[in-house]
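Colleague:
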Amino acid sequence: MAFNSSSTKIKIIDQIQVSPPPGLVPDSSSIPLSFFDVAWLFTGPVERLFFFSLPISTVDFISIHFPSLQSSLSETLRQFYPLAGRVRPCPNPSPDNEFEFYYCSNDTIPFSIYESSSDFDKLTGNEMIDLIELKSLVPQLPRTNDGTIPLTAIQVSVFPEKGICIGVAIHHVACDDSSFMHFVKSWAASHRVGPVNVSGIPAPLFDRAAVSDPNHLYSKSLSEMKELLSKGPPPMSDPPLRQSPQLISTFVLTREKINALKEGLIAKFHGQTLHCSSFTVACAYAWVCLIKSQEMNIHNGMTEKSAHLLFSVECRSRLEPPIPAGYFGNCLRPCFVEANLQELHLQGGVYTAALAIGKAIRGLEQGVLQGAEGWFRKILSLVPNRPMSIGGSPRYKVYDVDFGWGRPVNVELPTIEKTPGTISLAESRDGKGGIEIGVVLPENEMQKFGLCFSNGILDV
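Below, the structure written as structure tokens:
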């Protein structure tokens with residue numbers, strides 16, 4: 060399928076500042092970062108775009124829906140008020156507490172409304188689109204020059220008589236995907252049925268005492284990060300020949316295709332231990348398609364012996380003692396997967412990938428914090444090898460977000476373009492048990508990825 064670039068037209072209508080309800084939250088509050096949080100201190104925001112079909116004019120949307128979006132957001136911040144604040148250096152730092160979340164009564168979240176003349180149907184389909192068209196819908200965190208990190212920004216873009224897009228950006232130091240979606244679903248429920256305390260969604264728990272740190276991973280991780288970052292970014296080996304234009308597209312593994320892949324993998328099982336979940340199958344298939352699509356592997360002549368995959372593992376239920384499901388913050392660890400690059404290129408590459416993923420998952424049984432002191436160093440050491448990494452997960456149920464206009468017609472994670480080789484995963488929007496895979500690539504590599512994805516479904 061050929062790609063035709065089109066100009067993006069978007070204009071700002073208004074920008075307001077939304078705060079928690081006055082008098083109902085503390086005048087000021089500070090919360091320490093956990094060692095899970097501090098790992099994301101020097102990164103950026105997670106950004107999601109939720110598209111809803113809503114045939115309404117911009118004028119009517121502003122008069123009918125925008126006020127209730129504001130008021131429900133303010134009410135939601137009654138429980139999530141730290142998101143209106145920022146991260147700052149501690150006034151009295153210690154080795155295990157150098158940074159903190161800080162909120163004071165005049166802190167707010169920037170909330171912008173735009174009007175877009177882009178093609179709503181095109182943006183909500185699965186075809187290739189110019190990433191620039193999505194980036195115009197992404198809210199920008201405020202810039203500061205005082206060493207603090209604002210945490211949240213929101214943008215609503217109206218496509219007159221077609222629909223709207225709600226863009227949410229939250230700095231990763233504040234929370235992981237689980238907590239990100241906790242906030243968004245709470246806001247949506249507040250807008251749809253009333254305050255979050257009657258919506259059936261649990262209140263967030265911000266207490267960092269829930270995360271014990273007997274081995275001082277906070278100070279060790281932060282020291283390691285500062286040391287490595289002081290040396291500058293790791294060198295990239297043989298960057299791709301062409302960086303732009305970057306396209307984004309969604310590929311769907313239907314439930315039927317997932318089952319076919321599982322059956323094909325199990326047929327090659329031969330008594331070996333195989334972790335054959337839908338997540339494993341989707342990651343393995345996407346990994347092989349991505350490797351086969353990338354020009355760098357061809358131009359390198361596959362001189363690299365290994366390919367690498369990184370994904371995050373939810374730790375709330377794996378820690379001792381377990382952390383409550385409503386805990387708001389970061390609670391992820393990286394999982395490292397390595398496989399022979401040439402074997403991934405050959406027939407049976409998906410099986411090779413699935414075996415490697417399963418082996419890495421089983422390694423978590425040794426302890427979810429095993430090797431934690433070296434995680435950051437290991438991640439940076441792999442950057443020159445351009446590992447595939449994964450953002451999102453079907454378990455977060457992004458299509459369950461309902462502001463009162465029905466389910467989203469599309470959800471995008473444009474953040475993946477910031478790290479080459481990153482894909483996104485989400486449950487399929489049709490609710491039939493499939494998995495959506497979001498990919499950002501140059502056009503020629505996207506074409507190859509699509510061909511591999513469509514034609515190689517039985518080549519496991």
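Each residue of the sequence shown is one higher than the last, beginning at 60 in my numbering. Even glycine gets a Cβ: it sits at the ideal position worked out from N, Cα and C. Here the structure is a predicted model, which means the values were calculated and not measured.
Buried or exposed: Asn204, going by 16 or more other Cβ atoms within 10 Å of its Cβ?
Modeller: Translated into the one-based positions of the sequence shown, residue 204 becomes position 145. That one is exposed.
Colleague: Report yes or no: do the segment 386-405 and the segment 105-112 share at least 3 C-beta pairs separated by less than 8 Å?
Modeller: Segments in contact, no.
Colleague: Between Asn274, Asn503, Trp246, which lies nearest to Ser127 when the distance is taken from Cα to Cα?
Modeller: Position 68 of the sequence shown, counting from 1, holds the residue named residue 127. Out of Asn274, Asn503, Trp246, Trp246 has the C-alpha closest to the C-alpha of Ser127.
Colleague: Three or more beta-carbon pairs under 8 Å between the segment 75-89 and the segment 181-196, yes or no?
Modeller: In short, these stretches do not touch, since the Cβ pair count stays below three.
Colleague: Can you list, in chain order, the residues of its chain whose CB lies under 7 Å from that of Lys321, leaving out five sequence neighbours each side?
Modeller: By one-based count along the sequence shown, residue 321 stands at place 262. Same-chain partners within the cutoff: Cys335, Val340.
Colleague: Assess, as a yes-or-no matter, whether the segment 161-176 is touched by the segment 214-230 under the definition of 3 or more beta carbon pairs within less than 8 Å.
Modeller: Because the criterion of three Cβ pairs below 8 Å is met, the segment 214-230 and the segment 161-176 touch.
Colleague: Cβ atoms of Ile494 and Lys312: under 8 Å apart, would you say?
Modeller: Here the question's residue 312 lines up with position 253 in the sequence shown. Here the question's residue 494 lines up with position 435 in the sequence shown. It is worth fixing the name first, because residue 312 is Leu in this sequence and not Lys. Yes. Within cutoff.
Colleague: Quick one: which unbroken alpha helix (DSSP H) runs of 4-plus residues sit fully inside the segment 430-492? Chain order, please.
Modeller: The segment 430-492 contains these whole alpha helix (DSSP H) runs: 434-441.
Colleague: Would you tell me roughly how many angstroms separate the C-alpha atoms of Asn444 and Ala248, rounded to the nearest one?
Modeller: What you label residue 444 is simply residue 385 of the sequence shown in a count that begins at 1. What you label residue 248 is simply residue 189 of the sequence shown in a count that begins at 1. Rounded to whole angstroms, Asn444 to Ala248 spans 43 Å at the Cα level.
Colleague: Sorted by chain position, which residues of the same chain lie with C-beta nearer than 7 Å to Pro383's C-beta, five sequence neighbours on each side aside?
Modeller: As a working mapping, residue 383 is identified with position 324 in the sequence shown. Taken in chain order, the residues that qualify are Leu264, Ala269.
Colleague: Assuming Gly492 contacts Ile482 (C-beta within less than 8 Å), just tell me the rounded distance between them.
Modeller: Here the question's residue 492 lines up with position 433 in the sequence shown. Here the question's residue 482 lines up with position 423 in the sequence shown. Not confirmed; about 19 Å, so no contact.
Colleague: Please report how far the alpha carbon of Asp461 lies from the alpha carbon of Glu286, in whole angstroms.
Modeller: By 1-based counting over the sequence shown, the position of residue 461 is 402. By 1-based counting over the sequence shown, the position of residue 286 is 227. Going from the Cα of Asp461 to the Cα of Glu286 covers about 44 Å.
Colleague: Extract the residue ranges of the beta strand (DSSP E) inside the segment 299-351, only unbroken runs of 3 or more that lie entirely within it.
Modeller: Counting whole runs of 3 or more residues, the segment 299-351 contains the beta strand (DSSP E) stretches 305-312.
Colleague: Along the beta strand (DSSP E) that carries Gln401, what are the first and last residues, could you check?
Modeller: In the sequence shown, counting from the first residue as 1, residue 401 sits at position 342. Taken as a continuous stretch (DSSP letters only), Gln401 belongs to no beta strand (DSSP E), being part of the alpha helix (DSSP H) at 400-404.
Colleague: When the Cα atoms are used, what is the spatial distance from Ile223 to Ser131?
Modeller: Along the sequence shown, read from residue 1 onward, the residue named residue 223 stands at position 164. Along the sequence shown, read from residue 1 onward, the residue named residue 131 stands at position 72. Ile223 and Ser131: Cα-Cα distance of roughly 17 Å.
Colleague: Who are the near neighbours of Ser237 in its chain, counting only those whose CB is closer than 7 Å to its CB and skipping five residues on each side?
Modeller: Within the sequence shown, numbered from 1, the residue matching residue 237 stands at position 178. Correct list, in chain order: Glu373, Tyr455.
Colleague: Rounded to whole angstroms, what is the Cα-Cα separation between His241 and Asp235?
Modeller: Counting from one through the sequence shown, the residue named residue 241 turns up at place 182. Counting from one through the sequence shown, the residue named residue 235 turns up at place 176. Cα to Cα, the separation comes out at about 10 Å.
Colleague: By DSSP's criteria, Pro104 is part of a beta bridge. Which residues make up the other side?
Modeller: Mapped onto the sequence shown, residue 104 falls at position 45. According to DSSP, which records beta bridges pairwise, Pro104 is partnered with His230.
Colleague: Smallest Cα separation from Ile438: which of Ser371, Gly417, Lys418, Cys390?
Modeller: For the purposes of this step, residue 438 is identified with residue 379 of the sequence shown, where counting begins at 1. Checked all of Ser371, Gly417, Lys418, Cys390; the closest Cα to Ile438 is Ser371.
Colleague: Which residues bound the beta strand (DSSP E) around Glu174?
Modeller: What you label residue 174 is simply residue 115 of the sequence shown in a count that begins at 1. Per DSSP, Glu174 belongs to the beta strand (DSSP E) from 168-175.
Colleague: Could you please give the first and the last residue of the uninterrupted beta strand (DSSP E) stretch that includes Asp73?
Modeller: Along the sequence shown, one-based indexing puts residue 73 at 14. Segment 69-77, the beta strand (DSSP E) holding Asp73.
Colleague: Closest to Ser282 by CA distance: which of Tyr140, Leu100, Ser308, Gly385 is it?
Modeller: As a first step, residue 282 must be located in the sequence shown, where it is residue number 223. Answer by Cα proximity: Leu100.
Colleague: Going by DSSP, which residues form a beta bridge with Ala366?
Modeller: The residue you call residue 366 lines up with position 307 of the sequence shown. Paired residues: Ala398.
Colleague: What residue does the beta strand (DSSP E) around Glu134 start on, and which one ends it?
Modeller: Here residue 134 is taken as the residue at index 75 of the sequence shown, counted from 1. First-last for Glu134: 125-135, but that is the alpha helix (DSSP H), not the beta strand (DSSP E).
Colleague: Report the three-state DSSP secondary structure of Arg267 (helix, strand or coil).
Modeller: For the purposes of this step, residue 267 is taken as residue 208 along the sequence shown, with counting starting at 1. Note: Arg267 maps to helix in three-state DSSP.
Colleague: Sorted by chain position, which residues of the same chain lie with C-beta nearer than 6 Å to Phe218's C-beta, five sequence neighbours on each side aside?
Modeller: To locate residue 218, count along the sequence shown from 1; it is residue 159. Hits under 6 Å: Ser175, Phe179.
Colleague: Going along the chain, which residues of its own chain have a beta-carbon closer than 7 Å to the beta-carbon of Pro91, five neighbours each way excluded?
Modeller: Taking the first residue of the sequence shown as 1, we reach residue 91 at position 32. Same-chain partners within the cutoff: Asn156, Glu159, Arg267.
Colleague: Could you tell me if Ser133 is buried or exposed, where buried requires 16 or more neighbouring beta carbons within 10 angstroms of its beta carbon?
Modeller: As a working mapping, residue 133 is identified with position 74 in the sequence shown. So Ser133 ends up on the buried side.
Colleague: At which residues does the beta strand (DSSP E) containing Cys149 begin and terminate?
Modeller: Here residue 149 refers to the residue found at position 90 when the sequence shown is read from its first residue. Counting along the chain, the beta strand (DSSP E) containing Cys149 begins and ends at 145-153.
Colleague: With distance defined between alpha-carbon atoms, name the residue in Gly465, Cys394, Ser93, Pro152 nearest to Ser448.
Modeller: On the sequence shown, residue 448 is found 389 positions in, with the first residue counted as 1. Looking at the Cα atoms, Cys394 is the closest of the given residues.
Colleague: By a C-beta neighbour count over all protein chains shown, 10 Å radius and 16 as the cutoff for buried, is Pro467 buried or exposed?
Modeller: Taking the sequence shown and counting its residues from 1, one reaches residue 467 at position 408. Buried.
Colleague: Can you round the beta-carbon distance between Ile168 and Leu142 to whole angstroms, since I take them to be within the 8 Å contact cut?
Modeller: As a first step, residue 168 is located in the sequence shown; it is residue number 109 there, counting from the start. As a first step, residue 142 is located in the sequence shown; it is residue number 83 there, counting from the start. With a Cβ gap of about 7 Å, Ile168 and Leu142 count as contacting.
Colleague: So the candidates are Arg137, Gln425, His250; which of them puts its Cα closest to the Cα of His41?
Modeller: The chain is shown only over 60 to 519; residue 41 falls outside these bounds and no answer can be derived.
Colleague: Would Ser278 and Pro154 be called neighbours here (beta carbons separated by less than 8 Å)?
Modeller: Stepping through the sequence shown from its first residue, residue 278 is reached at position 219. Stepping through the sequence shown from its first residue, residue 154 is reached at position 95. Their beta carbons are under 8 Å apart, which means Ser278 touches Pro154 by this criterion.
Colleague: Should Gly509 and Ala485 be called a contact, given that it needs their Cβ atoms to be closer than 8 Å?
Modeller: In the sequence shown, residue 509 corresponds to position 450, counting from 1. In the sequence shown, residue 485 corresponds to position 426, counting from 1. No, these two residues do not count as a Cβ contact at 8 Å.
Colleague: I need the boundaries of the alpha helix (DSSP H) containing Ala98, first residue and last residue.
Modeller: Walking along the sequence shown from the start, residue 98 turns up at place 39. No alpha helix (DSSP H) contains Ala98, which DSSP labels as neither H nor E.
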